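In the numbering used here, the protein residues as written are 22 to 190.
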């Protein structure tokens with residue numbers, strides 16, 4: 022199947038699409054468990070407790086990403102920094118592209134569209150243990166802001182992150 026980046030869509034996820042997001046979050050958590058210890062529940066699911074908040078709090082924005090009209094991933098965005106007291110910054114809480122859709126620019130184009138739709142200061146955090154994500158975000162952000170960007174190392178709650186800070190106009 023052709024996964025051309027020329028036909029991708031970023032759509033706000035509706036409350037009735039929360040089961041779709043919950044399923045995609047399971048795949049995301051499975052992939053993420055390679056870098057971070059996550060425990061699977063007795064029901065065989067990782068779960069994502071904050072998911073209902075994306076339809077009950079106005080500072081949260083859930084998006085579905087499609088390629089060729091088929092699901093390709095998601096983005097969960099919230100207002101407020103996870104590493105500082107800045108409540109005005111946009112935070113890419115979670116971002117996921119299905120494995121079969123990676124390396125086709127879908128993730129880059131989707132992330133850049135999110136930044137265009139939600140202008141202002143942004144923070145993107147990447148776990149130290151996930152070098153492929155660091156590479157992805159360095160490329161996507163540098164292309165978007167039209168200058169080279171490098172992350173800053175952040176330590177919080179015993180975790181090491183690479184953090185990018187930039188503005189979307």
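Glycine included, every Cβ here is placed at the ideal spot set by N, Cα and C.
Please read all numbers here as calculations on a predicted model, not as lab measurements.
(message) For residue 28, which residues in the same chain have their Cβ closer than 6 Å to its Cβ, ignoring the five residues on either side in sequence?
(response) Taken in chain order, the residues that qualify are 89.
(message) Give me, in chain order, the residues of the same chain whose beta-carbon lies closer than 7 Å to that of residue 26; leave out the 5 immediate sequence neighbours on both sides.
(response) The pLDDT assigned to residue 26 is 49, lower than 50, so where the model puts this residue is not dependable; a value taken from the coordinates is nonetheless given after this. Short of 7 Å from the beta carbon of residue 26, and not among the five residues preceding or following it, lie these beta carbons of its own chain, in chain order: 125, 126, 127, 130.
(message) Is the separation between the beta-carbon of residue 75 and that of residue 81 shorter than 9 Å?
(response) In this structure, residue 81 lies closer than 9 Å to residue 75 by Cβ.
(message) Tell me whether the stretch 102-110 and the stretch 47-62 touch, counting them as touching only if at least three CB pairs, one residue from each stretch, are closer than 8 Å.
(response) Taking one beta carbon from each stretch, the stretch 102-110 and the stretch 47-62 have fewer than 3 pairs nearer than 8 Å; the two do not touch.
(request) Quick one: grab the DSSP three-state call for residue 47. (result) Residue state, collapsed to three classes: helix.
(request) With DSSP collapsed to three states, give me the class of residue 41. (result) In the structure shown, residue 41 falls within a helical segment according to DSSP collapsed to helix, strand and coil.
(request) Let me know the secondary structure DSSP gives residue 62 once reduced to three states. (result) Note: residue 62 maps to coil in three-state DSSP.
(request) List the residues that DSSP assigns as beta-bridge partners of residue 171. (result) Paired residue(s): none; residue 171 is not in a bridge.
(message) Taking 9 Å as the threshold (C-beta atoms), are residue 97 and residue 84 in contact?
(response) Going by C-beta atoms, residue 84 is nearer than 9 Å to residue 97.
(request) Check each candidate in 116, 45, 103 and name the one with the smallest Cα separation from residue 177. (result) Of 116, 45, 103, the residue nearest in Cα terms is 103.
(request) Compare the Cα-Cα distances from residue 70 to each of 56, 86, 50, 87 and report the closest residue. (result) Selection 56, 86, 50, 87 evaluated against residue 70 yields 50 as nearest (Cα-Cα).
(request) Just mark residue 173 as buried or exposed, buried being the case when its beta carbon has 16 or more other beta carbons within 10 Å. (result) Label assigned to residue 173: exposed.
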